[in-house]
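Protein chains in written order, with the numbering used here: chain A, 1490 to 1808; chain B, 364 to 901. Idealized CB from N, CA, C, for every residue including glycine. Written below as structure tokens is the structure these notes are about.
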């Protein structure tokens, strides 16, 4: 942690220093141009004050080359910063394929976190240092936003869809996370800590804390409990399509068109099945909107994923 | 008759004294005064909300007001300041007063519509005020769905109706300006002889006419979802929450230019007058206003970089946001160049002009941080954004408004204000403003989110600095309020043209007669013809 009077928050992810470098670049540009303007105004205001002896000969009120210069130079500088910022953003946006996936649900006013192995936390997120982590986030009510200043990342969390953000923490420690999208009365209490641990320590934590079942197993249990298996049979003989190998595949739809089966599609098909009907099937499935929590939907998705397919590919193709 | 009397000629202020003569007036100058009183009222209400917020933020704990009250305070601060003060400020007060005078006309094209626009403003204002007093609203001024449409329990619908009503007042004023500028210019007053303030009003009016209906549609859609449960924005009803954000920012980003373009117009008038020199690059100044107004319609997506909008859309909006900064840069450089080889005297309006240029430059350059998408991911929805847009809206638009009020006050009232107090107040405002908002840039980069009434203790020092600055800023606003009212009775007689300025509005008496000009003026040359040897101020 910094002491005294910090300007930068702790930087604890692989991209944090790169964001700080870009910020510093912009800061230097800002200081230069505002300094130039302040200097010109102060200098002119004194030198050309009313009654001063300075020569006013050949004063002009237009000068085309000058006008072009102060359009083209700022445009060039803007272009440099645009390219710098956009390439860095692209890097920050696309998660490495081997990232550990952790589910996050935002609801008024707490963060619920589920690890693949079944560990659940509220307003705390344990992650390993030195490994990419991808958060798969959805909201149960209004829009929230998951903001970790020490990692320089933020992403809005929306109801009805999955958004993602990723980071690779570098330094073990405890860092704030905040909800940064106003979400109602206790918005300011929707905060927590990211606890970055050495990988070995993280493995111990996962094993030690684990009282629940892995997400996919919980999903399988739900799959049976809600009678999904009656129609969605593995051998494709049921009234609904088989879900084996669904994730990441292209699904032809009734009424033409096709969709790549990503998390959002599966979520929508569970909560509001009539929205998209698989070609060759009839709209028979009941609506599960008010019967399943966001956590349970995520568990079902993990179960369906465990039946084969790759949601990473699916997400890449829709963004 | 006292030595300070200005009743020696007939003018719009002594043309009638009864309440009816004001409430039923169609004189653009009187309507400007009605607007000035109304928006000043709302400014102090909005300022009071801000004062309570800053007091709450003195400590990390929520000890002054509850979370719910705090949420209502920042929502109502934003709503009041944006719609009931900033958007009408320069156009409805100075624009109303000056557009006919500057183009050499007797009034605006539609004087009755002009009065109607004020009544609509008052109706919308009182409706919203009542909704705030009887419960308030806690959605933020941005009304993001589905929170506002489904989850909020406060007076969302009444406030939205108030803003919906208010929009028509903006549209009527803008329509009036566009028609007046097109059809009622004095003989010889060609487009490139118009003062830049008129160009600014023209560009602003175009935005108002094109963008305000989109706000009305968006708010109506919000109302339909909230009242009837029609799924437009809430995914639980089959809607799309990002659709709301796209529609809202399609209005609300151009709305920022509605606030800043008029201030740019004021500053151009003031700088050129007190430098005794024609504004540098007149045509570039005029076209940059139009460029900002047009490109400003294409950058709304920069409010949505982390919203879930596609990454490619984000990159396009990022590029356009860099481009919209160029005409602003052109303006700043041209103002600075106007001072070169001028003959500069330091009266109150030019202090506001210098203050505007400095603060707008910082506000504009920090906008580039936000256009840089990788930095925006970190600072979006933090105090960095709050600081940035207050540099534009307060440091820019409010400084421009106050500068304009000080510049044209002698014309509007026939009186001079006490110059010493006025300079002192300008200085207090400048210091108070920077102390309030500069620390917020740092707070934001450190990661303090906006709209938090409690915060981690490491943010306290900067918050205390900001609250201290807000106190100074508050005092700074009260000083002009007192001496301007004082000057109405006790100020020195200003004469027709105390600054020896060149515009048509200065060629008539102060205060102007009801019909503005004894004879229709004829324009024979370019604007801003300042000879060096003349000096402003008596």
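On the three-state DSSP scale, how would you describe residue i?
| i | result |
| --- | --- |
| residue 873 of chain B | coil |
| residue 1621 of chain A | strand |
| residue 1560 of chain A | helix |
| residue 539 of chain B | helix |
| residue 1609 of chain A | strand |
| residue 1645 of chain A | strand |
| residue 1529 of chain A | helix |
| residue 745 of chain B | strand |
| residue 391 of chain B | helix |
| residue 1654 of chain A | strand |
| residue 596 of chain B | coil |
With a 10 Å radius around its C-beta and 16 neighbouring C-beta atoms as the bar for buried, classify residue i as buried or exposed.
| i | result |
| --- | --- |
| residue 398 of chain B | buried |
| residue 1697 of chain A | exposed |
| residue 1632 of chain A | buried |
| residue 1724 of chain A | exposed |
| residue 903 of chain B | No answer is possible for residue 903 of chain B: the residues shown for chain B start at 364 and end at 901. |
| residue 554 of chain B | exposed |
| residue 754 of chain B | buried |
| residue 429 of chain B | exposed |
| residue 516 of chain B | exposed |
| residue 1542 of chain A | exposed |
| residue 1726 of chain A | exposed |
| residue 1670 of chain A | buried |
| residue 666 of chain B | buried |
| residue 1788 of chain A | buried |
| residue 1714 of chain A | exposed |
| residue 745 of chain B | buried |
| residue 371 of chain B | exposed |
| residue 632 of chain B | buried |
| residue 1515 of chain A | buried |
Report the rounded CA-to-CA distance for residue i versus residue j, giving the unit in angstroms.
| i | j | result |
| --- | --- | --- |
| residue 820 of chain B | residue 802 of chain B | 15 Å |
| residue 1538 of chain A | residue 709 of chain B | 8 Å |
| residue 1703 of chain A | residue 1755 of chain A | 19 Å |
| residue 1504 of chain A | residue 1604 of chain A | 23 Å |
| residue 471 of chain B | residue 560 of chain B | 16 Å |
| residue 366 of chain B | residue 465 of chain B | Confidence at residue 366 of chain B is low in this model, with a pLDDT of 44, below 50, so the placement of that residue is unreliable and no value is reported for it. |
| residue 443 of chain B | residue 1553 of chain A | 43 Å |
| residue 501 of chain B | residue 380 of chain B | 42 Å |
| residue 1781 of chain A | residue 1759 of chain A | 9 Å |
| residue 1623 of chain A | residue 567 of chain B | 45 Å |
| residue 771 of chain B | residue 1628 of chain A | 53 Å |
| residue 1766 of chain A | residue 1742 of chain A | 6 Å |
| residue 839 of chain B | residue 659 of chain B | 32 Å |
| residue 797 of chain B | residue 832 of chain B | 7 Å |
| residue 842 of chain B | residue 520 of chain B | 37 Å |
| residue 1599 of chain A | residue 812 of chain B | 16 Å |
I want to check one thing, is the minimum distance from the CB of residue i to the heavy atoms of the ligand PLP below 8 Å?
| i | result |
| --- | --- |
| residue 889 of chain B | What this structure holds is no ligand at all, so the ligand PLP is not there to describe. |
Exercise. Examine the Cβ distances between the region 707-718 of chain B and the region 1523-1541 of chain A and report whether three or more of them are shorter than 8 Å.
Key: The region 707-718 of chain B makes contact with the region 1523-1541 of chain A, as at least three CB pairs between them are under 8 Å.
Practice problem: Would you check if there are 3 or more beta carbon pairs closer than 8 Å linking the region 632-650 of chain B to the region 853-871 of chain B? | Solution: Yes: the two stretches touch, three or more of their Cβ pairs being nearer than 8 Å.
Exercise. Give, in chain order, every residue of the region 435-455 of chain B whose Cβ lies closer than 7 Å to some Cβ of chain A.
Key: Under the 7 Å Cβ criterion, the region 435-455 of chain B contributes no residue.
Exercise. Please name the residues in the region 1672-1698 of chain A whose beta-carbon is closer than 9 Å to at least one beta-carbon of chain B, in chain order.
Key: From the region 1672-1698 of chain A, only 1672, 1673, 1674, 1675, 1676, 1677, 1678, 1680 have a Cβ closer than 9 Å to chain B.
Quiz item: Is the region 1568-1582 of chain A touching the region 734-742 of chain B, taking contact as three or more C-beta pairs under 8 Å?
Solution: With the cut-off at 8 Å, the region 1568-1582 of chain A and the region 734-742 of chain B touch.
Self-check item: Chain-ordered residues of the region 1507-1541 of chain A with a beta carbon less than 7 Å from chain B
Solution: With the criterion set as a beta carbon lying under 7 Å from some beta carbon of chain B, the members of the region 1507-1541 of chain A are 1508, 1511, 1512, 1515, 1519, 1522, 1523, 1526, 1527, 1529, 1530, 1533, 1534, 1537, 1538, 1539, in sequence order.
Quiz item: Can at least three beta-carbon pairs, one atom from the region 669-687 of chain B and one from the region 584-594 of chain B, be found at a separation below 8 Å?
Solution: Contact fails: fewer than three Cβ-Cβ distances are below 8 Å.
Quiz item: What are the residues of the region 790-818 of chain B that lie near chain A, defined by any Cβ-Cβ distance shorter than 9 Å?
Solution: Residues passing the 9 Å Cβ filter: 805, 808, 809, 810, 811, 812, 813, 814, 815, 816, 817, 818.
Practice problem: Mind checking the region 1656-1671 of chain A against chain B and listing, in chain order, the residues whose C-beta falls within less than 9 Å of any C-beta there? | Solution: Against chain B - using a Cβ distance shorter than 9 Å - the residues of the region 1656-1671 of chain A are 1665, 1667, 1668, 1669, 1670, 1671.
Self-check item: Stretch pair the region 775-794 of chain B + the region 697-707 of chain B: three plus CB contacts closer than 8 Å
Solution: Short answer: they don't touch.
Quiz prompt | Near-chain B residues of the region 1552-1575 of chain A - C-beta to any C-beta below 8 Å | solution = For the region 1552-1575 of chain A, the set of residues with a beta-carbon nearer than 8 Å to any beta-carbon of chain B comprises 1552, 1555, 1556, 1559, 1560, 1563, 1564, 1567, 1568, 1570, 1571, 1573, 1574, 1575, in chain order.
Self-check item: Residues from the region 731-762 of chain B in contact with chain A, defined by Cβ distance under 9 Å
Solution: Those residues of the region 731-762 of chain B that come within reach of chain A (Cβ to Cβ, closer than 9 Å) are 731, 732, 734, 735, 736, 737, 738, 739, 740, 741, 742, 743, 744, 745.
Exercise. Compile a chain-ordered list of the residues in the region 701-719 of chain B whose CB is closer than 7 Å to at least one CB of chain A.
Key: Interface annotation for the region 701-719 of chain B against chain A: 702, 703, 704, 705, 706, 707, 708, 717, criterion Cβ-Cβ distance under 7 Å.
Self-check item: Three CB pairs or more closer than 8 Å across the region 609-618 of chain B and the region 426-440 of chain B
Solution: Per the Cβ contact rule, the region 609-618 of chain B is not in contact with the region 426-440 of chain B (fewer than 3 Cβ pairs under 8 Å).
Quiz item: Taking a cut of 9 Å between CB atoms, which residues from the region 415-426 of chain B lie near chain A?
Solution: Listed by position along the chain: 425.
Quiz prompt | Where the region 527-549 of chain B meets chain A: residues whose CB sits under 9 Å from a CB there | solution = Contact residues of the region 527-549 of chain B toward chain A are absent (C-beta to C-beta distance below 9 Å).
Quiz item: Listed in chain order, which residues of the region 655-685 of chain B have Cβ atoms closer than 7 Å to some Cβ of chain A?
Solution: Identification of residues in the region 655-685 of chain B having a C-beta nearer than 7 Å to some C-beta of chain A yields 669, 670, 671, 673, 674, 678, 681, 682, 685, given in sequence order.
Quiz item: Name the residues in the region 613-641 of chain B whose C-beta lies less than 7 Å from a C-beta of chain A; which are they?
Solution: Listed by position along the chain: 640, 641.
Quiz item: Using a Cβ cut-off of 9 Å, which residues of the region 1600-1617 of chain A contact any Cβ in chain B, in chain order?
Solution: Answer set for the region 1600-1617 of chain A: empty.
Quiz item: What residues in the region 1738-1760 of chain A bring their beta carbon closer than 7 Å to a beta carbon of chain B?
Solution: Under the 7 Å Cβ criterion, the region 1738-1760 of chain A contributes no residue.
Quiz item: If we count Cβ pairs, one from each stretch, closer than 8 Å, do we get three or more for the region 641-658 of chain B versus the region 679-692 of chain B?
Solution: They touch, by the three-pair rule.
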